[in-house]
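Using my numbering, read the sequence shown as starting at 1 and increasing by one per residue. All C-beta atoms in this analysis are idealised placements derived from N, C-alpha and C, irrespective of residue type, glycine included.
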Amino acid sequence: MSKNDNTADPGENSQDGSVAKKPENLPEIDKIKQTLKRKLDEITEKVQSLEESISKIPKIENDEKSTDRTDNKADSSKNSSSSNGSTVPKAIQKSEKRFVLKHVSKDVENLVEGKSYTCDMENHFSVDSCIVLQRSNDHLACFVKIHGPENGIKWAVETKLEFKVYGQNKKSKADTFDYRYEKNESYGFPKFLEWGEMKKEYLIDGSLTVEAHVQLIESSGFSKEKIRKFDESNKDDSDVILVVNKKEFYVLRKFLAAQSSFFKALLLGNFAESKKLKFFTANLLLIRIMSREFFF
Numbered sequence: 001m002s003k004n005d006n007t008a009d010p011g012e013n014s015q016d017g018s019v020a021k022k023p024e025n026l027p028e029i030d031k032i033k034q035t036l037k038r039k040l041d042e043i044t045e046k047v048q049s050l051e052e053s054i055s056k057i058p059k060i061e062n063d064e065k066s067t068d069r070t071d072n073k074a075d076s077s078k079n080s081s082s083s084n085g086s087t088v089p090k091a092i093q094k095s096e097k098r099f100v101l102k103h104v105s106k107d108v109e110n111l112v113e114g115k116s117y118t119c120d121m122e123n124h125f126s127v128d129s130c131i132v133l134q135r136s137n138d139h140l141a142c143f144v145k146i147h148g149p150e151n152g153i154k155w156a157v158e159t160k161l162e163f164k165v166y167g168q169n170k171k172s173k174a175d176t177f178d179y180r181y182e183k184n185e186s187y188g189f190p191k192f193l194e195w196g197e198m199k200k201e202y203l204i205d206g207s208l209t210v211e212a213h214v215q216l217i218e219s220s221g222f223s224k225e226k227i228r229k230f231d232e233s234n235k236d237d238s239d240v241i242l243v244v245n246k247k248e249f250y251v252l253r254k255f256l257a258a259q260s261s262f263f264k265a266l267l268l269g270n271f272a273e274s275k276k277l278k279f280f281t282a283n284l285l286l287i288r289i290m291s292r293e294f295f296f
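Shown next as structure tokens:
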């Protein structure tokens, strides 16, 4: 039997007469593995918490004008003049959750009266939304449709939206509204633009460009979007790859070192503490530093 064979039966002696035993530090290896995973989770939570705090720094929009709308209910079968009681204040805090929905309709002239054209859904900040166009009572109707999560959980999205269409000679038309979505529906302007005016002044080479500038003031019931990603998209900004349970995390050595004395010793020190990892195999922990690879 080989002297270095660590899989010998308990009663079998090696060449030097000693009984071969399983490594006594296996529990320590498991403990270090758990510590690594816990530290990485803590770092991720700290980064997300920090970036969330930054995004909530109040920036008051100066001289904002509120627009009262009573006839902007987006219902393809009827118009409504009632308000939903939106609680968005006149001077609101600017949110970083902003995005633009854009659609270029090349056959808007062929829209059938009373029928809607729904654009492709887009996902922004975990919220699915899209533009809906309709020819209604000789007007161009513009709506934004929002779908909530399909998990049965009660949800709501407080929004501030601005519709824009661009025409000839840099002409444009814009209008805004505030609305709180609490169910899958469309909301907007049933009479955004007269059909004749749209054809005469806003078609460019037969196409109409429509934009919806959306600001998510507040939302609930949606899954939390990961603010910070450690996947391959972060590769160019990282100098260390951690592989834990076959999942790669692209991170910075100095950032990890600042969060944990363990990582500081492991990544920036003389690797004294890293000697504890010498029994780790590749599926437990692999640290690759740029062009070189180290196994612990």
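Exercise for the section: Counting only the same chain and skipping the five closest in sequence on each side, list residues whose C-beta sits under 6 Å from that of M198. Expected result: Excluding sequence neighbours, M198 sits near L140.
Exercise for the section: In angstroms with no decimal places, state the Cα-to-Cα distance between P190 and T176. Expected result: Rounded to the nearest whole angstrom, the CA to CA distance from P190 to T176 is 13 Å.
Practice task
Would you mind stating whether L193 and K173 have Cβ atoms separated by less than 8 Å?
Solution key: Contact annotation: L193 and K173 have beta-carbon atoms nearer than 8 Å.
Handout entry: Buried/exposed call for G206, threshold 16 Cβ in 10 Å
Key = It is exposed - the Cβ of G206 has fewer than 16 other Cβ atoms within 10 Å.
Practice task
Identify which residue in N169, E201, G148 and K247 has its Cα closest to the Cα of S220.
Solution key: Checking every option, the nearest Cα to that of S220 belongs to G148.
Problem - Opening and closing residue of the alpha helix (DSSP H) in which L140 lies - result: It is not in any alpha helix (DSSP H) - L140 instead sits in the beta strand (DSSP E) that spans H139 to H147.
Practice task
Could you tell me whether the Cβ atoms of A136 and G114 are closer together than 8 Å?
Solution key: The question names Ala, but residue 136 is Ser in the sequence shown. The answer is yes: Cβ separation under 8 Å.
Problem - Buried versus exposed, by CB contacts within 10 Å (16 or more), D138 - result: Per the 10 Å Cβ criterion, exposed.
Problem - Nearest residue (CA-CA) to D236, options K46, K247, V251 and L242 - result: The alpha carbon of D236 has as its nearest neighbour, out of K46, K247, V251 and L242, the alpha carbon of V251.
Exercise for the section: Could you pull out every residue in the same chain whose Cβ sits closer than 6 Å to the Cβ of S105, ignoring the five residues on either side in sequence? Expected result: Excluding residues within five positions, the ones whose Cβ falls inside 6 Å are L208.
Handout entry: Between the CA atoms of E122 and R180 - distance to the nearest angstrom
Key = Rounded to the nearest whole angstrom, the CA to CA distance from R180 to E122 is 19 Å.
Handout entry: Candidates F249, K247 and H213: closest to K102 by CA position
Key = Considering only F249, K247 and H213, the residue with the shortest C-alpha distance to K102 is H213.
Exercise for the section: Using only the heavy atoms of the ligand NAD, determine whether one of them is closer than 7 Å to the beta carbon of A141. Expected result: This structure simply doesn't include the ligand NAD, nor any ligand for that matter.
Practice task
State yes or no: is the C-beta of V144 within less than 8 Å of the C-beta of I131?
Solution key: Going by C-beta atoms, V144 is nearer than 8 Å to I131.
Exercise for the section: Round the Cβ separation of F263 and K39 to the nearest angstrom and send it over; I've been treating them as touching at under 8 Å. Expected result: 7 Å between Cβ atoms; contact.
Exercise for the section: Check whether the Cβ atoms of V337 and I146 lie closer than 8 Å to each other. Expected result: Absent from the structure is residue 337, since the part of the chain shown begins at 1 and ends at 296.
Exercise for the section: Express the C-alpha separation of F99 and F249 in angstroms, rounding to a whole number. Expected result: Looking at the backbone, the Cα of F249 and that of F99 are separated by about 28 Å.
Exercise for the section: Classify I153 as buried or exposed, calling it buried when 16 or more other Cβ atoms lie within 10 Å of its own Cβ. Expected result: I153 should be labelled exposed.
Problem - Beta-carbon proximity check, K37 vs Q259, cutoff 8 Å - result: Not closer than 8 Å, so no.
Handout entry: Boundaries (first-last residue) of the beta strand (DSSP E) holding K254
Key = For K254, there is no enclosing beta strand (DSSP E); the residue is part of the alpha helix (DSSP H) that begins and ends at R253 to Q259.
Practice task
Use the C-beta contact count for G188: other C-beta atoms within 10 angstroms, 16 or more gives buried, fewer gives exposed.
Solution key: It counts as buried.
Practice task
Name the residue from V157, L161 and W195 whose alpha carbon lies nearest to the alpha carbon of K183.
Solution key: Considering only alpha carbons, the answer is V157.
Handout entry: Counterpart residues of D128 in DSSP-defined beta bridges
Key = The partner list for D128 (beta bridge, DSSP) reads N123 and H147.
Exercise for the section: Could you spell out where the beta strand (DSSP E) holding L192 opens and where it closes? Expected result: Looking at the sequence itself, residue 192 is Phe, so the reference to Leu does not match. Counting along the chain, F192 sits inside the beta strand (DSSP E) bounded by residues E185 to E194.
Exercise for the section: Tell me whether the beta-carbon of E150 lies closer than 8 Å to the beta-carbon of K171. Expected result: In this structure, E150 lies away from K171, with their beta-carbon atoms at least 8 Å apart.
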